[in-house]
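One structure is given below, encoded as structure tokens.
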Amino acid sequence: MKLIIAIVQDEDASRLVSALMNDGYGVTKLATTGGFLRAGNTTLLVGVDDNRFEGCLHIIEKLCKSRRQMATSPITAGGAVGMYTHMPIEVTVGGATVFVLNVEQFAKF
Ligand code: 2BA
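So the sequence shown is numbered by our numbering: it starts at 1 and just counts up by one.
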């Protein structure tokens, strides 16, 4: 068994959960915050049998789009120590950041 941890954008989360549920996957949805943008995103936990995890990854890949987003990045002004300004920068976020872990044990009590 594998545990898929997928960090996706809020805009894609609802459709993705529906698609996974319709295909018979068990899903837990967590409200999370990205460390860089400090903006909300969604983390999904999906426990899957080994023979089904490729199918799950395929659905995530199909439904999660990458988007350009503006962010402000603190940079040092004029090289002076302790003087910061905020520069707008554009970053590409997503489609999805996915971790796949082997599950040692799975139980439901
Ligand atoms: P954030 O940390 O808010 O990052 C949003 C986007 O900002 C990233 O998109 C990336 O394009 C950019 N970014 C992140 N750190 C950067 C940096 N130091 N300099 C310049 N640009 C930077 P994604 O890579 O698609 O990541 C989307 C979200 O997935 C992240 O939101 C974070 O919540 C999560 N994530 C990404 N990589 C991760 C990792 N190695 N471990 C845990 N979570 C991760």
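We treat Cβ as the ideally placed atom computed from N, Cα and C, and that holds for glycine.
To the nearest angstrom, report how far apart residue i and residue j are at their CA atoms.
{"i": "SER14", "j": "MET21", "result": "11 Å"}
{"i": "VAL100", "j": "GLN9", "result": "18 Å"}
{"i": "LEU16", "j": "MET87", "result": "33 Å"}
{"i": "THR42", "j": "ASP49", "result": "23 Å"}
{"i": "PHE53", "j": "PHE36", "result": "29 Å"}
{"i": "THR32", "j": "ASP23", "result": "24 Å"}
{"i": "CYS64", "j": "LEU45", "result": "15 Å"}
{"i": "LYS62", "j": "GLY94", "result": "12 Å"}
{"i": "PHE109", "j": "ASN51", "result": "24 Å"}
{"i": "ALA96", "j": "ARG38", "result": "17 Å"}
{"i": "GLY55", "j": "ALA19", "result": "11 Å"}
Using DSSP's beta-bridge definition, name the partner residues of residue i.
{"i": "PHE99", "result": "ILE5"}
{"i": "ASN41", "result": "THR32"}
{"i": "VAL27", "result": "VAL46"}
{"i": "MET21", "result": "In DSSP, MET21 forms no bridge with anything."}
{"i": "ILE89", "result": "ALA71"}
Quick check on DSSP: helix, strand or coil for residue i?
{"i": "GLY94", "result": "coil"}
{"i": "ARG67", "result": "strand"}
{"i": "GLY55", "result": "helix"}
{"i": "ALA110", "result": "With the chain covering 1 to 109 only, the question about residue 110 has no answer from this structure."}
For residue i, collect the residues of the same chain with a Cβ closer than 7 Å to its Cβ; drop the 5 residues on either side in sequence, then sort them by chain order.
{"i": "ILE47", "result": "Position check: residue 47 holds Gly in this sequence, whereas Ile was assumed. Excluding sequence neighbours, GLY47 sits near MET1, LEU3, GLY26, VAL103 and PHE106."}
{"i": "THR92", "result": "SER66 and ARG68"}
{"i": "VAL29", "result": "The question names Val, but residue 29 in the sequence shown is Lys. For LYS29, where only same-chain residues beyond five positions count, the Cβ hits under 7 Å are ALA13, VAL17, THR42 and LEU44."}
{"i": "GLY40", "result": "ASP10, ALA31 and THR33"}
Sorted by chain position, which residues of the same chain lie with C-beta nearer than 8 Å to residue i's C-beta, five sequence neighbours on each side aside?
{"i": "VAL98", "result": "ILE4, ILE5, ALA6, ILE7, LEU57 and ILE60"}
{"i": "GLU90", "result": "ARG68, GLN69, MET70 and ALA71"}
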